[in-house]
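Here is the structure we will look at.
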Amino acid sequence: MKSELFTLIASGASGLIGYAIREWQNHLKPFISIIRFEGDNYITSSEVEINKNLVDKTNDSFFIEPLDSFTPLERLHDSKEQSSYIEHVGHSILGYCQEIEKVIRDNEPDLELIKSLTRLFAVEGFNTYLGSLIVMGRIEIFNNNTDGINLFDLVESQKVNNGCFVLSSRGFYIALGQDFNDDTLNKNIFEPILNALIQLNKDQINTLSNQIKICIEHEIKIAKDILPELKEISNEHSNWETYLYIANLKKTPLLLNSTAKLYVKDKTGASFIEECSLSVQKTDEDGNENMFHLESPLIIPSGDNVYVSFFTKKTQKEMDRGRDFRNTFAHGEAKAWLELDMVGIGLLKRRKFATPKVIFKEINE
Numbered sequence: 002m003k004s005e006l007f008t009l010i011a012s013g014a015s016g017l018i019g020y021a022i023r024e025w026q027n028h029l030k031p032f033i034s035i036i037r038f039e040g041d042n043y044i045t046s047s048e049v050e051i052n053k054n055l056v057d058k059t060n061d062s063f064f065i066e067p068l069d070s071f072t073p074l075e076r077l078h079d080s081k082e083q084s085s086y087i088e089h090v091g092h093s094i095l096g097y098c099q100e101i102e103k104v105i106r107d108n109e110p111d112l113e114l115i116k117s118l119t120r121l122f123a124v125e126g127f128n129t130y131l132g133s134l135i136v137m138g139r140i141e142i143f144n145n146n147t148d149g150i151n152l153f154d155l156v157e158s159q160k161v162n163n164g165c166f167v168l169s170s171r172g173f174y175i176a177l178g179q180d181f182n183d184d185t186l187n188k189n190i191f192e193p194i195l196n197a198l199i200q201l202n203k204d205q206i207n208t209l210s211n212q213i214k215i216c217i218e219h220e221i222k223i224a225k226d227i228l229p230e231l232k233e234i235s236n237e238h239s240n241w242e243t244y245l246y247i248a249n250l251k252k253t254p255l256l257l258n259s260t261a262k263l264y265v266k267d268k269t270g271a272s273f274i275e276e277c278s279l280s281v282q283k284t285d286e287d288g289n290e291n292m293f294h295l296e297s298p299l300i301i302p303s304g305d306n307v308y309v310s311f312f313t314k315k316t317q318k319e320m321d322r323g324r325d326f327r328n329t330f331a332h333g334e335a336k337a338w339l340e341l342d343m344v345g346i347g348l349l350k351r352r353k354f355a356t357p358k359v360i361f362k363e364i365n366e
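The opening residue of the sequence shown carries number 2 in the numbering used here; numbering runs sequentially from there.
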């Protein structure tokens, strides 16, 4: 009898110990890390009303996406990005064009012209800008002289710029064009100025530089006029997005609920709380990776990890203190964290997990 009782007690104790170990394992905290914040995202394809002055100015540009009286947010975002590009690199393009014209005017050695051309084509996104000029008929189509002497060696590369012409001379390189791998039309676009560069035809290069300079001066003026208003409209209709990495360290699955709270607190003690909704990365029909909203919870299997994001449910315009929220984000001095709601297996099934506190600002790394 005593032996049977001892066996029963031992079995019960063993079961309790096993259950306690399992509960301890099930209540290990998942590993959660904030990858970055973004404050310029749209979760709707709705249109916004644009005033006539802004519509007219964008339509006067050859590079900036033209706007209509009622414009989809995606197109407004494109116009803003293109205006930002012009503001960011426009003066560099202008300066290198002036440098090229001076080198030709002063009849400096060919090597100096090669160096100046190399610097111009190295400007970020310059081939996109140049391609737009050619398509819009802003660049003169030169008569190619195939009898001239080539001062550049020429190859076609499939690796550089996703396909382009690569010109080399005396250790200097120019990548002319882009995206030849995707469309042969892109190659045809850049061919009219190819020989002018290969043969270092100074008259044609001077004409090309002057046309680029005139156009970029015009674009800089437009971008300077419209960018503040584009940013304001864009900010008002944008949502904040928090990208997360979550690793489930438990022995059982976790259910990540589709809502969370974003907490922001600055140095003065001012605080914000915004409701957020869940999105996950999926591949669409065209093979592109995009974020898709989830209305239902996300299951994270044991030992698995996921990349997810949470969008603020409200846009800046819809928030009670949207401008203050934007200023806090822009200054990059506040701390922010997410409170996640997860459901697991065990005695305490539903638990709240907070991410580490990080600086609330745009993180591009």
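Glycine included, C-beta positions come from ideal geometry on N, C-alpha and C.
- Counting only runs of at least 3 residues, the segment 162-197 fully encloses the following beta strand (DSSP E) elements, listed from N- to C-terminal order: 165-170 and 173-177.
- About 53 Å separates the beta carbon of P193 from that of I247, a gap too long to meet the 8 Å contact definition.
- In this structure, F191 sits away from I175, with a CB-CB distance that is not shorter than 9 Å.
- Non-local C-beta neighbours of L186 in its own chain, meaning closer than 6 Å and more than five positions away in sequence, are absent.
- At a Cβ-Cβ threshold of 9 Å, I36 and L245 count as neighbours.
- Taking Y308 as reference, the option from K353, K214, S158 and N249 with the minimal CA-CA separation is N249.
- Here the alpha carbons of G304 and A261 stand approximately 22 Å from one another.
- According to DSSP, L263 shares a beta bridge with E275 and L339.
- Under the three-pair Cβ rule at 8 Å, the segment 116-125 does not count as touching the segment 45-57.
- For D154, DSSP records a beta bridge to S169.
- Closest by C-alpha distance to A331, out of S210, V265 and Q179, is V265.
- In terms of Cα proximity to S84, the closest of E230, G149, N211 and L295 is E230.
- Exposure of M137 is indicated by the presence of fewer than 16 other C-beta atoms within 10 angstroms of its C-beta.
- Checking the DSSP bridge columns, you'll see V307 partnered with I247.
- Straight-line spacing of the CA atoms in T72 and K225 works out to 20 Å.
- The DSSP-derived three-state label of T316 is coil.
- For R352, the three-state secondary structure derived from DSSP is strand.
- Between I65 and E220, the CB-CB gap stays under 9 Å.
- CA-to-CA, the gap between S235 and H78 works out to about 7 Å.
- By the Cβ neighbour-count rule, T269 is exposed, with fewer than 16 other Cβ atoms within 10 Å of its own.
- Bridge pairing for T72: V49 [DSSP].
- DSSP lists A337 as the bridge partner or partners of V359.
- Of the residues F312, I274, K318 and N258, the one whose Cα lies closest to the Cα of S297 is N258.
- For the pair K318 and E237, the CB atoms are nearer than the 9 Å cut-off.
- Rounded to the nearest whole angstrom, the C-alpha separation of I206 and L55 is 34 Å.
- Taking 9 Å as the cut-off, the beta carbon of I33 is found closer than this to the beta carbon of T356.
- A Cβ-Cβ contact shorter than 9 Å links D325 with F273.
- Between E218 and L95 a beta carbon distance of about 7 Å is seen, short of the 8 Å cut, so the two are scored as contacting.
- Partner residues in a beta bridge of F326, as assigned by DSSP, do not exist.
- The three-state reading of DSSP puts L228 in helix, counting H, G and I together.
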